[in-house]
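Engineer: Take this structure first; my questions come after.
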Amino acid sequence: MRLLLVNPRSRPSFWNFSLVTRHLFPQRRYTNPPLGLASIAALTPSHWQIRIIDENVEEIDWDWPADLVGVAGMTNQFGRQ
22 MRLLLVNPRS
32 RPSFWNFSLV
42 TRHLFPQRRY
52 TNPPLGLASI
62 AALTPSHWQI
72 RIIDENVEEI
82 DWDWPADLVG
92 VAGMTNQFGR
102 Q
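Take the sequence shown: its letters are residues 22 to 102, numbered as in this note's numbering.
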């Protein structure tokens, strides 16, 4: 089985801190890794192929043949869920 777990892209807002960090720390980037998806991946049977996509870091590979897709997120990601 192939499992694709997706963290949708966030809009620039207070809740992902990109607006704040851009002004206070222009040389730095804020990261908010999808730890919930990592937890699901850790609990998935070892013989499954798992891929985690964080859309804030990389685009979704629509050609990857997933048998099951999981999408997680917060309220500010609602438009991409």
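We put the CB at the ideal spot given by N, CA and C, even for glycine.
Rounded to whole angstroms, what is the Cα-Cα separation between R23 and I81?
Structural biologist: On the sequence shown, residue 23 is found 2 positions in, with the first residue counted as 1. On the sequence shown, residue 81 is found 60 positions in, with the first residue counted as 1. Approximately 15 Å between the Cα atoms of the pair.
Engineer: Between the alpha carbons of L26 and I73, how many angstroms are there, rounded?
Structural biologist: As a first step, residue 26 is located in the sequence shown; it is residue number 5 there, counting from the start. As a first step, residue 73 is located in the sequence shown; it is residue number 52 there, counting from the start. About 5 Å.
Engineer: Do you know offhand how far S67's Cα is from R32's?
Structural biologist: Here residue 67 corresponds to residue number 46 of the sequence shown, with the count starting at 1. Here residue 32 corresponds to residue number 11 of the sequence shown, with the count starting at 1. S67 and R32: Cα-Cα distance of roughly 34 Å.
Engineer: For P55, does the count of other Cβ atoms within 10 angstroms reach 16, so buried, or fall short, so exposed?
Structural biologist: Walking along the sequence shown from the start, residue 55 turns up at place 34. Burial call: buried.
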